[in-house]
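Residues in the sequence shown are numbered consecutively from 3, following the numbering used here.
Heads up: the structure comes next, in structure tokens.
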Amino acid sequence: MCGLSVIPRPGTPVRFNHLPLGFLSLVILLDSKAQQTELEWISYPPNGWEEISGLDENYTPIRTYQVCQVMEPNQNNWLRTNWIEKGDAQRIFVELKFTLRDCNSLPGVVGTCKETFNLYYQETDSEVGRSLRENQYVKIDTIAADESFTQGDLGERKMKLNTEVRIIGPLSRRGFYLAFQDVGACIALVSVKVYYKKCWSIIENLATFPDTVTGSEFSSLVEVEGTCVSDAEEEADNSPKMHCSAEGEWLVPIGKCICKAGFHQKGDASPSQVSEVIKEKVQQRSIQLSWQEPQQPNGVITEYEIKYYEKDQKDRIYSTVRSKSTSATVNNLKPNTAYIFQIRAFTEAGYGTYGPRLEITTKEEATGSIYCCVTSNPVIIIAVVAVAGTIILVFMVFGFIIGRRYALAVKFPGTKTYIDPETYEDPNRAVHQFAKELDASCIKIERVIGAGEFGEVCSGRLKLPGKRDVSVAIKTLKVGYTEKQRRDFLCEASIMGQFDHPNVVHLEGVVTRGKPVMIVIEYMENGSLDGFLRKHDGQFTVIQLVGMLRGIAAGMRYLSDMGYVHRDLAARNILVNSNLVCKVSDFGLSRVIDDDPEAVYTTTGGKIPVRWTAPEAIQYRKFTSASDVWSYGIVMWEVMSYGERPYWDMSNQDVIKAIEEGYRLPAPMDCPPGLHQLMLDCWQKDRAERPKFDQIVGILDKMIRNPNTLKTPVGTCTRPISPLLDQSTPDFTAFRSVGEWLEAIKMERYRDNFTAAGYSSLESVARMSIEDVMSLGITLVGHQKKIMSSIQTMRAQMLHLHGTGVQV
């Protein structure tokens, strides 16, 4: 047998069935809604969380916990689940559904009522009894409500349910507890669901892959070796492997098993060759062909592909035509030219191999008789000239209208203008206009390197006829896609294919006529910029970092000049090659803008990356090149902080509020003042005051030529501003204690560390160095940087505002 059926004699085909790629599994460890009896979780103190019977959003009876101690200050109410055994999982998902009362609807609770609660966990190898010690728990997050209810809502039975999902891991013990801390909210936990993800067992490429639990990190991939099915064997030097993604999806297979001698699969073989091709009609500029169906179709043939090229070109440059029947006419040929034709069939299993080459020469172009006829009759000459003039005028008017619609007019001599693929009625026309169609046989997938929005990302080799093979990255479209997903996936290629700049990722081509559908781009050895910087923290000179920033700005200047807005500029969307050249990538959120410099693109909704997005784009969903400049300022901060998360662990709502109130990110450690000033220029509230990318490139060039300019804030704004001295920045000298300061920067977890080390005043804190911070047992690099950044701000304020003489 090869696959799932016995083959009685050689040559008899076998049907091969397997689960589709992308099939995923959730393994539920806890679901409070599924339990009808009492949950019997531990609550402390007794008058805090209370277990009650309630109704969910569908009015189904459930067991819930609620607490509403909002009248008294300093609440500290804890609730702990029973012990949860995790099995083989390392990465756990916690889904919380809850309702929360709006504090404004509760009279007399100003200062005591809260609208958040905290989620914790504790790892153990076994149950630890019913005792509850706060210091044994690790905080996961502070949970806030997107929707809150009032008393009127409750009376009208309006359920405003919030759903939040958090991830914990990697876990190393046999199990864990979850704990919920209430600090003064009016809240009800409607349900708690705990689960992990795994990839189901699957048969692919004649190999069996077992159930596999996902990895511990978001970007981790678990490599799994396959086992050949009965009567199949591994292909030489190409053993079957697959990767299980963090989302529980099998990624594109690498390698395969093949049937042993005398066995083969039914339905999964490519069709046999189309060998009998007949030239039906040959004209000066067209050739009509017909052919017979291949002897072994191996499935239902849905279309044929006709490949043709000029004989002299030797298939270095070829074109294709597709037909759903066994005949086709190839047009737009040259007269008196020899062409080579080959045909192949397509089924669900993919394309077959091309049939034999067929050479056909088009007829010569006739000229004399028509010329004589025209020149001998003046009336005909006048008529021909009039008709030709009318046709030219119509085409000029039509071309002008089309040019305005599709932005085909050239802005300046030699400057291209970006064309939005969404203006095309047929997206396939756009992708084939801007992207080269590649033959899948020219692409070799070598390994999976990650997962994208639409499928997996692989590395491999591209070998085009007459050219040396090159390393490429391959984005694939997962099996089971919808037509909309296919269109959105290929839209990025339609965008990338229009760009040609050394600081913009280059598109090699696409595969749209086979499976999987692929986008092939140049391979960037060092991956995304944020991860690359975190991996090499502190290893580059300032000039090297400025050089990276200069490359990004140059790429964005090119895109801006083409009338193009990126909308998702961030270090994670910048790729780095082996020579440290940075290139702009990821054009999934991009849109076109008109020639009018005041024109903007207004979205109709959807998620936006808040930490990187300009205020006007967040508030009004308006994106321009100026909003890209704001994002570029955040990228500058990411680069100079070696991949630190912008705004650290502040929530998105806190970020929006802080920006609106005038707060700006402080300079990262060791960041020259000149670079930080340029960041601040990019973060001007009025987008008209932000520098253009052309100006940014000029400033960075000057810094590279003369490094002394890095020490002096030389920006594009008329007035210098600094987050350390600007009135919009929180005044750290106004805090009364070290504890208040730590709470303000959301580092209150280290209050005991500072107290134990004797730091009892802000003046003593202001003298701390990075070594002092590390000596307190603060091991997380991000927290070290955040605390030191705040200390630097505090020093400057003390020195500038109060003249305390604190040594900076």
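Heads up, the beta-carbon is just placed ideally off N, CA and C, and yes, glycines get one too.
Keep in mind it's a predicted model, so treat the numbers as computed, not measured.
Query, Result
"Which of helix, strand or coil does DSSP assign to Val544?", "helix"
"With distances taken between CB atoms, is the gap from Phe182 to Leu81 smaller than 7 Å?", "yes"
"Would you tell me roughly how many angstroms separate the C-alpha atoms of Phe414 and Leu479, rounded to the nearest one?", "Confidence at Phe414 is low in this model, with a pLDDT of 41, below 50, so the placement of that residue should be treated as unreliable; the coordinate-derived value is given next. Their Cα atoms are separated by approximately 37 Å."
"Three or more C-beta pairs under 8 Å: does that hold for the segment 535-546 against the segment 640-647?", "yes"
"Candidates Lys788, Ile698, Asp651 and Asp656: which alpha carbon is nearest Pro670's?", "Lys788"
"In the DSSP assignment, find the unbroken beta strand (DSSP E) run with Ile576 in it and report its ends.", "Ile576 to Val578"
"Is it buried or exposed for Phe220, if we count other Cβ within 10 angstroms and need 16 for buried?", "exposed"
"Excluding the five sequence neighbours on either side, which residues of its own chain have a C-beta within less than 8 Å of the C-beta of Gln809, listed in chain order?", "Because the pLDDT at Gln809 is just 40, under 50, the model does not fix this residue reliably, and the value given afterwards should be weighed accordingly. Once the five neighbours on either side are set aside, the close Cβ partners of Gln809 are Arg769."
"When the Cα atoms are used, what is the spatial distance from Lys748 to Met652?", "8 Å"
"Is the beta carbon of Asp184 sitting closer than 7 Å to the one on Asn79?", "yes"
"Just the C-alpha distance for Leu291 and Lys313, rounded to the nearest angstrom, thanks.", "17 Å"
"Quick one: grab the DSSP three-state call for Asp33.", "strand"
"Near Phe625, what residues of its chain come up, given a Cβ to Cβ distance below 6 Å and the 5 sequence neighbours on each side ignored?", "Val567, Arg569, Tyr603 and Ala619"
"Please report the straight-line C-alpha distance between Ile451 and Arg93, rounded to a whole angstrom.", "20 Å"
"How is the alpha helix (DSSP H) around Ile620 delimited, first residue to last?", "Pro617 to Tyr622"
"Can you name the start and end residues of the alpha helix (DSSP H) that Trp743 belongs to?", "Val740 to Ala746"
"Output the distance between the C-alpha atoms of Lys262 and Glu251, rounded to the nearest integer angstrom.", "29 Å"
"So, with DSSP's three-state summary, where would you put Ile451?", "strand"
"So, under 8 Å CB-CB, Glu439 and Thr514 are touching, yes? Tell me the CB distance rounded to an integer number of Å.", "7 Å"
"Going by DSSP, which residues form a beta bridge with Pro63?", "Leu57"
"Where Pro172 and Ser203 are concerned, what is the direct C-alpha to C-alpha distance, given to the nearest angstrom?", "23 Å"
"Helix, strand or coil for His245? Go by DSSP, reduced to three states.", "strand"
"Which residues bound the alpha helix (DSSP H) around Phe265?", "Here Phe265 belongs to no alpha helix (DSSP H), and DSSP marks it neither H nor E."
"Please name the residue, chosen from Leu561, Val29 and Thr152, that lies closest to Thr214 on a Cα-to-Cα basis.", "Val29"
"If the criterion is Cβ atoms closer than 7 Å, does the pair Glu42 and Gly177 meet it?", "no"
"Leaving out five residues on either side along the sequence, give the residues of the same chain with a beta carbon under 7 Å from the beta carbon of Arg488.", "Leu479 and Val519"
"Can you tell me which of Val194, Thr615 and Pro675 puts its alpha carbon nearest to the alpha carbon of Tyr649?", "Thr615"
"Would you check if there are 3 or more beta carbon pairs closer than 8 Å linking the segment 490-497 to the segment 423-431?", "yes"
"Residues in the same chain with beta-carbon distance under 6 Å from Gly516, minus the five sequence neighbours each way, listed in chain order, please.", "Gly352, Tyr353 and Ala442"
"Sorted by chain position, which residues of the same chain lie with C-beta nearer than 7 Å to Phe737's C-beta, five sequence neighbours on each side aside?", "Trp743, Ala746 and Leu764"
"Where does Val130 land, buried or exposed, given buried means 16+ other C-beta within 10 angstroms?", "exposed"
"Could you please give the first and the last residue of the uninterrupted alpha helix (DSSP H) stretch that includes Ala660?", "Asn654 to Glu662"
"Taking Ala432 as part of the alpha helix (DSSP H), name the residues at either end of that continuous run.", "Pro429 to Phe436"
"Report the CB separation of Glu53 from Arg65 in whole angstroms; it is logged as a contact under 8 Å.", "6 Å"
"If you follow the beta strand (DSSP E) that Tyr356 is part of, which residue opens it and which one closes it?", "Neither: Tyr356 is in no beta strand (DSSP E) and is coded neither H nor E."
"Taking Val740 as the reference, which of Glu527, Ser792, His508 and Asp703 has the closest Cα?", "Ser792"
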